[in-house]
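In our numbering, the protein residues as written are 4 to 926.
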């Protein structure tokens with residue numbers, strides 16, 4: 004920086020201050036973790052300004068321009084040096100480190116802003132002034148040259164006049180000489196006359212020679228003056244060319260400054276003054292983008308997470324700018340994009356004349372030609388692409404080397420291979436952003452850190468919520484803060500007081516006409532408790548019966564994936580070897596951001612109780628809602644009731660809910676009775692009962708379900724029901740029952756009734772993590788309509804009844820992770836409609852049934868980690884002509900090698916070990 008300290012355009016004082024500040028920042032930037040992002044940004048600004056100042060300094064010295072004063076900025080940079088040194092001394096253990104951190108961060112941002120302003124305004128003005136002063140000097144030189152050229156022209160005229168006189172005298176001389184000759188020829192009449200005439204002739208000839216010499220000297224002077232005029236004209240032309248170069252340089256600098264500081268429609272917008280928690284995200288995003296195989300990279304997250312901020316940082320990153328040589332285009336796509344306008348803006352940003360396009364296709368074709376002409380690495384950022392505009396991305400894809408596209412969207416666009424998931428802020432970063440938004444100065448130290456912690460945690464790391472809520476609390480008295488915290492702890496919604504957060508998040512629910520059903524799916528998610536994993540099958544059951552009545556589960560599953568891709572819910576897939584088209588989601592679950600759950604509840608609660616189609620009730624202790632205490636008619640199709648561990652099951656039974664089709668009961672007590680008003684829910688199709696307590700709960704009043712003629716699906720989690728199989732409960736419409744972590748062994752074993760008569764149309768049974776199930780009761784094999792039997796993770800189950808062969812309509816049999824199960828009954832051969840057999844992780848099975856080949860419709864066989872299954876497979880295996888997929892481990896795969904020649908379309912997939920405890924519930 005030493006050469007910069009003596010520059011003409013910024014002055015010696017500024018150069019010295021600039022150099023000291025620059026060196027100080029570079030010295031400490033790697034040492035101060037707390038202010039790393041701010042110091043990195045300041046260092047980037049100083050690095051960017053230095054080459055520009057050095058170049059203008061050289062031009063100023065070459066053109067002998069005077070020094071200008073920048074005393075104010077010099078003083079700021081001296082103070083900046085002191086500020087940087089103070090930042091290096093701040094200690095995290097100090098009680099007020101958060102306040103000081105914010106104060107110092109703010110001052111660093113102001114210093115960075117001042118230098119950017121100097122670069123953005125002063126340097127452009129000085130460059131323009133220098134160009135104009137150069138133009139004035141050239142104009143003066145041009146005038147001098149023209150004056151000299153006028154003198155040359157005058158001398159040339161004099162010379163030509165003199166030459167004419169010389170020619171005239173020469174003619175006279177020649178005529179005189181002719182006369183002498185004539186006189187000589189006539190005769191020498193008199194010698195005296197002859198001598199006299201000869202003397203006159205010689206004198207005249209001398210005059211002629213003198214005049215000729217004078218003419219030649221004048222002609223030489225004319226040639227000299229002409230040469231001087233031509234040299235002057237050449238100098239004028241050189242000065243003109245120099246002026247053009249200076250003007251072009253000034254224009255180029257101004258253009259670059261406009262691009263850099265966002266005055267062009269496709270320039271990367273200026274970053275906010277305060278950004279926290281994105282440095283690691285930026286590093287990971289750059290690593291993904293710079294991979295050779297990446298051509299389109301999707302940056303996806305929930306609305307308000309900071310996707311646009313991240314790609315702005317990418318566009319301003321010095322490494323990215325160097326790689327793409329400034330060819331970075333930023334396009335805000337928005338909800339209703341106009342393709343032709345977007346392309347016109349790209350043409351304009353590149354400095355080309357904007358053509359008129361005949362169609363969108365014409366616009367894209369001409370854009371491709373433009374990008375080919377640029378011929379350098381190109382980065383196109385498409386910001387805020389809505390789910391309905393996915394096809395727009397394809398239009399901007401061109402087969403051009405080193406051309407890449409970064410897309411931000413609330414949807415993950417699964418057909419694009421490379422995606423970057425932006426997660427909410429970590430807690431420490433969220434605290435810093437909140438303190439900044441709330442302007443936590445020294446005067447705000449009366450705010451308890453405990454209250455700040457609660458507010459920040461409630462915002463869930465969502466930047467938009469932190470900024471809006473922090474801003475709303477800025478300068479407010481401590482009572483306002485405490486009231487906010489108490490309101491939320493009592494169940495009040497964040498949206499009751501912060502409409503801006505509600506408005507921002509509601510944009511996530513702008514669906515096209517053909518996707519509007521997704522809003523209903525989304526609002527149903529609010530029916531489950533906060534911070535709890537939602538079983539995917541519970542959602543599928545509810546959605547299918549409420550929104551896809553009469554259809555199978557595939558539509559609900561498809562919409563679950565759609566919500567996941569739009570970041571409105573997170574589908575956690577446990578299994579890596581899931582079967583295609585089996586609709587088996589028993590081991591998957593769904594999570595949701597707390598604010599999204601609040602949004603779902605808020606949208607569901609906008610109408611009066613009697614008009615709501617979805618009623619979500621949260622009961623704390625025994626405090627029922629006021630409207631519940633009097634006879635109440637409920638017209639909702641979905642009713643969700645959540646109670647805590649203090650609830651005593653004292654229901655008010657004056658509730659009438661004849662329209663309810665889906666009932667979701669969430670509780671935490673050791674004993675739980677189904678409410679009496681359930682028996683009047685004649686339209687009820689699906690019931691989900693979930694115990695979120697630690698121990699299984701005793702469930703009673705199960706007999707109330709006998710009066711429900713339309714109940715098709717029941718899911719029970721972590722309950723015991725000793726009287727279930729001893730009480731006649733007629734559920735003739737029941738098609739599916741799911742038991743998760745239930746105590747059922749004693750109940751099944753002590754049954755005194757014909758259970759199959761109670762559920763004559765049962766088609767699917769799911770039993771998962773029921774650890775007291777030792778033996779499968781024989782009556783379970785009497786459900787002749789049964790198509791799916793899934794008994795998984797029941798580690799004490801040791802054998803299956805031989806009667807299992809009676810399930811002649813069974814299509815799917817899953818016994819995975821039943822570790823004590825030693826074999827499959829030989830009667831399994833009778834399951835002629837079986838399509839899927841899963842015995843994965845059945846550690847004790849030592850052989851397959853001898854006549855397994857009789858399962859002629861079997862298409863999938865899952866047998867990974869059957870560690871004791873080491874003997875040769877039965878020879879009847881070759882009769883499984885419909886078998887298409889075998890999922891196993893390395894050792895079991897070797898058992899299939901002798902049979903490969905008998906199967907032309909069989910795929911033996913070797914699954915990797917997948918240790919996953921995500922199924923464990925939060926309590």
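Just so it is clear, CB atoms sit at the ideal spot from N, CA and C, and this is done for glycine as well.
Note that the structure is a prediction, hence the values are computed from the model and not measured.
Complete runs of the alpha helix (DSSP H) confined to the region 841–890 [at least 4 residues]:
Assignment of alpha helix (DSSP H) within the region 841–890, counting only whole runs of 4 or more residues, yields no such run.
With a CB to CB cut of under 6 Å and the five nearest residues on each side skipped, what residues in its chain are close to residue 684?
Sequence index remark: in the chain shown, residue 684 carries index 681 (1-based). 660, 663, listed in sequence order.
Proximity of residue 386 and residue 333 at Cβ, strictly below 8 Å
Reading the chain shown from its first residue, position 383 is the one you call residue 386. Reading the chain shown from its first residue, position 330 is the one you call residue 333. Yes, the pair counts as a contact, with Cβ atoms nearer than the cut-off.
Bounding residues of the alpha helix (DSSP H) (the contiguous stretch that carries residue 665):
Counted from its first residue, the chain shown places residue 665 at position 662. Residue range 665–670 is occupied by the beta strand (DSSP E) that includes residue 665, with no alpha helix (DSSP H) assigned at that position.
What residues match up with residue 538 in a beta bridge as DSSP calls it?
By 1-based counting over the chain shown, the position of residue 538 is 535. Answer is 592, bridged to residue 538.
If you measure between the beta carbons of residue 613 and residue 646, is that distance less than 8 Å?
Here residue 613 is taken as the residue at index 610 of the chain shown, counted from 1. Here residue 646 is taken as the residue at index 643 of the chain shown, counted from 1. The criterion of a C-beta distance shorter than 8 Å is not satisfied by residue 613 and residue 646.
For residue 526, does the count of other Cβ atoms within 10 angstroms reach 16, so buried, or fall short, so exposed?
Translated into the one-based positions of the chain shown, residue 526 becomes position 523. Buried, since its Cβ has 16 or more Cβ neighbours within 10 Å.
Select from 300, 428, 874, 397 the residue whose C-alpha is nearest the C-alpha of residue 382.
Indexing the chain shown from 1 puts residue 382 at position 379. Taking only the C-alpha atoms, the option nearest residue 382 is 300.
Count the other CB atoms, across all protein chains shown, that sit within 10 Å of the CB of residue 653; report buried if there are 16 or more and exposed otherwise.
Working through the chain shown from its first residue, we reach residue 653 at position 650. With fewer than 16 Cβ atoms within 10 Å of its Cβ, residue 653 is classed as exposed.
How many angstroms separate the CA atom of residue 342 from the CA atom of residue 472?
Residue mapping note: residue 342 aligns to position 339 of the chain shown, counting from 1. Residue mapping note: residue 472 aligns to position 469 of the chain shown, counting from 1. Cα to Cα, residue 342 sits roughly 37 Å from residue 472.
In the DSSP assignment, find the unbroken beta strand (DSSP E) run with residue 416 in it and report its ends.
Along the chain shown, one-based indexing puts residue 416 at 413. Note, residue 416: premise wrong, no beta strand (DSSP E); not H, not E.
State the DSSP-derived secondary structure class of residue 341, mapped to helix, strand or coil.
Indexing the chain shown from 1 puts residue 341 at position 338. In the structure shown, residue 341 sits in coil (DSSP, three-state: anything other than H, G, I, E or B).
Between the CA atoms of residue 802 and residue 399 - distance to the nearest angstrom:
Sequence index remark: in the chain shown, residue 399 carries index 396 (1-based). Sequence index remark: in the chain shown, residue 802 carries index 799 (1-based). Approximately 60 Å, taken between the alpha carbons.
What's the C-alpha gap between residue 910 and residue 865?
Indexing the chain shown from 1 puts residue 910 at position 907. Indexing the chain shown from 1 puts residue 865 at position 862. When rounded, the separation of the alpha-carbon atoms in residue 910 and residue 865 is 12 Å.
Do residue 854 and residue 878 have their beta-carbon atoms positioned less than 8 Å apart in this structure?
As a working note, residue 878 is residue 875 in the chain shown. As a working note, residue 854 is residue 851 in the chain shown. Contact: no.
Taking residue 531 as the reference, give the member of 85, 670, 273, 22 with the closest Cα.
Sequence index remark: in the chain shown, residue 531 carries index 528 (1-based). Nearest option by C-alpha distance: 670.
Would the beta-carbon of residue 358 fall within 8 Å of that of residue 392?
Here the question's residue 358 lines up with position 355 in the chain shown. Here the question's residue 392 lines up with position 389 in the chain shown. Result no, Cβ atoms of residue 358 and residue 392 do not sit closer than 8 Å.
Since residue 690 and residue 707 are thought to touch, with beta carbons under 8 Å apart, how far apart are those beta carbons, to the nearest angstrom?
Residue numbering aside, residue 690 sits at position 687 when the chain shown is read from its first letter. Residue numbering aside, residue 707 sits at position 704 when the chain shown is read from its first letter. No, residue 690 and residue 707 are not in contact; Cβ-Cβ is about 10 Å, not under 8 Å.
Measuring only the C-alpha atoms, how far is residue 9 from residue 305?
Along the chain shown, one-based indexing puts residue 9 at 6. Along the chain shown, one-based indexing puts residue 305 at 302. Unreliable placement is indicated for residue 9, whose pLDDT of 37 sits below 50; no coordinate value is reported for it.
Hey, how far is the Cα of residue 634 from the Cα of residue 396?
For this step, residue 634 is matched to residue 631 along the chain shown. For this step, residue 396 is matched to residue 393 along the chain shown. In this structure, the straight-line span from the alpha carbon of residue 634 to that of residue 396 is close to 56 Å.
For residue 809 versus residue 845, is the C-beta distance shorter than 8 Å?
Stepping through the chain shown from its first residue, residue 809 is reached at position 806. Stepping through the chain shown from its first residue, residue 845 is reached at position 842. In terms of Cβ geometry, residue 809 and residue 845 do not form a close pair [threshold 8 Å].
Work out the CA separation of residue 543 and residue 560 for me, nearest whole Å.
Start at 1 with the first residue of the chain shown, and residue 560 comes out as number 557. Start at 1 with the first residue of the chain shown, and residue 543 comes out as number 540. A straight-line Cα-Cα distance of about 7 Å links residue 560 and residue 543.
Which runs of the beta strand (DSSP E) fall wholly inside the region 283–355 and span at least 3 residues, in chain order?
Here the runs fully enclosed are 299–303, 331–337.
Which residue from 589, 24, 30 puts its Cα closest to that of residue 53?
Here the question's residue 53 lines up with position 50 in the chain shown. Nearest of 589, 24, 30 to residue 53, Cα basis: 24.
Short of 7 Å in beta carbon distance, which residues of its chain neighbour residue 557, apart from the five on each side in sequence? Order them along the chain.
Reading the chain shown from its first residue, position 554 is the one you call residue 557. Excluding positions up to five away in sequence, the list reads 586.
Three-state secondary structure (DSSP) at residue 635?
Numbered from 1 along the chain shown, position 632 holds the residue referred to as residue 635. Reduced to three states, the DSSP call for residue 635 is strand.
Can you give me the C-alpha to C-alpha distance between residue 150 and residue 171, rounded to a whole angstrom?
Taking the chain shown and counting its residues from 1, the one referred to as residue 150 is at position 147. Taking the chain shown and counting its residues from 1, the one referred to as residue 171 is at position 168. Distance between residue 150 and residue 171, taken at the CA atoms: about 32 Å.
Would a C-beta distance cut-off of 8 Å place residue 804 and residue 779 closer than the cut-off?
Residue numbering aside, residue 804 sits at position 801 when the chain shown is read from its first letter. Residue numbering aside, residue 779 sits at position 776 when the chain shown is read from its first letter. It is a contact, given that the beta carbons lie within the stated cut-off.
Looking at residue 337 and residue 408, is the spacing between their C-beta atoms short of 8 Å?
Against the chain shown, residue 408 aligns to sequence position 405. Against the chain shown, residue 337 aligns to sequence position 334. It is not a contact, given that the beta carbons lie outside the stated cut-off.
Within this structure, are the beta carbons of residue 625 and residue 650 separated by less than 8 Å?
For the purposes of this step, residue 625 is identified with residue 622 of the chain shown, where counting begins at 1. For the purposes of this step, residue 650 is identified with residue 647 of the chain shown, where counting begins at 1. Remark: C-beta atoms of residue 625 and residue 650 approach each other more closely than 8 Å.
Using 10 angstroms around the beta-carbon of residue 120, count the other beta-carbons present and answer buried if the total reaches 16, otherwise exposed.
Position 117 of the chain shown holds residue 120. Residue 120 is exposed by the Cβ-count criterion.
From the DSSP secondary-structure annotation, give me the bridge partner or partners of residue 802.
Locating residue 802 in the chain shown gives position 799, where the first residue counts as 1. DSSP lists 778 as partners of residue 802.
Residue 791, enclosing beta strand (DSSP E) - first and last residue:
What you label residue 791 is simply residue 788 of the chain shown in a count that begins at 1. Annotation: the continuous beta strand (DSSP E) that includes residue 791 extends over 791–795.
Measuring only between beta-carbons, confirm whether residue 783 sits less than 8 Å from chain E.
Any reference to chain E falls outside this structure, which holds one protein chain only.
Straight-line gap, residue 655 to residue 703 (C-alpha atoms, nearest Å):
Counting from one through the chain shown, the residue named residue 655 turns up at place 652. Counting from one through the chain shown, the residue named residue 703 turns up at place 700. When rounded, the distance between both Cα atoms is 17 Å.
Measuring only the C-alpha atoms, how far is residue 312 from residue 467?
Against the chain shown, residue 312 aligns to sequence position 309. Against the chain shown, residue 467 aligns to sequence position 464. Taking the Cα positions, residue 312 is about 11 Å away from residue 467.
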